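See below for the structure under consideration.
Numbering (the working numbering), first residue to last: 352 to 510.
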């Protein structure tokens, strides 16, 4: 039964690290990294934005995770917890803290909402550019062709 807890905690830590990597890949697949980070910086500068809360909470949460790891390690050594748990189990718990910290850091740094907003803004700009390119020049006459088989009333409604 010894080492099972550590193995399970390492497996959970590996899953959290994989989840962080896949989240970052999904965000970067939607938009370029610099555009996402630029939008995030603009949102963090607005004091009414909740994005500023994410920027503030990241170092606090990571510091608390480090503090928890230090206290757990000290308590493990001082209380001679090696009688009940293996050092591998402690390493698994510390790995779990690192995995969660990595996931928290990546999810606050690379937000899907920012990437989607950048992509929608780029798509909107492309639509505006394509409409401007297809507009007739000033002074050109615009002619609407009636639909095939349309009667006079339908042709006027279509135009």
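The beta carbon of each residue, even a glycine, is placed where N, CA and C say it ideally should be.
Nothing here was measured: the structure is a model prediction, and the numbers come from that model.
Taking residue 451 and residue 416 to be in contact with their CB atoms under 8 angstroms, please state how far apart those CB atoms are, rounded to whole angstroms.
-> Going by Cβ atoms, the distance from residue 451 to residue 416 rounds to 7 angstroms, so yes, they are a contact pair.
Quick check: the region 368-386 against the region 426-440, are there 3 or more CB pairs under 8 angstroms?
-> Contact fails: fewer than three Cβ-Cβ distances are below 8 angstroms.
Answer yes or no: do residue 386 and residue 457 have a C-beta to C-beta separation smaller than 8 angstroms?
-> The criterion of a C-beta distance shorter than 8 angstroms is not satisfied by residue 386 and residue 457.
Looking at residue 454 and residue 367, is the spacing between their C-beta atoms short of 8 angstroms?
-> The Cβ atoms of residue 367 and residue 454 sit closer than 8 angstroms to each other.
Beta-carbon spacing of residue 424, residue 441 below 8 angstroms = Closer than 8 angstroms, so yes.
Going by beta carbon distance, what residues of the same chain come within less than 7 angstroms of residue 449, once the five residues before and after it are set aside?
-> Annotation for residue 449: 364 place their beta carbon closer than 7 angstroms to its own, counting only its chain and skipping 5 residues before and after.
Assumed close pair residue 354, residue 437 - CB separation to whole angstroms, cut-off 8 angstroms | The beta-carbon distance between residue 354 and residue 437, rounded to whole angstroms, is 5 angstroms. This is short enough to meet the 8 angstroms contact definition.
What residue from 406, 471 and 460 has the CA that sits closest to residue 384's CA?
-> Nearest C-alpha to residue 384: 460.
Which stretch, first to last residue, makes up the alpha helix (DSSP H) that contains residue 370?
-> Element bounds for residue 370: 355-381.
Since I believe residue 382 is in contact with residue 443 (beta carbons under 8 angstroms), could you give me their beta-carbon distance rounded to a whole number of angstroms?
-> Not really, about 36 angstroms apart at Cβ, beyond 8 angstroms.
Counting only the same chain and skipping the five closest in sequence on each side, list residues whose C-beta sits under 8 angstroms from that of residue 471.
-> Excluding positions up to five away in sequence, the list is empty.
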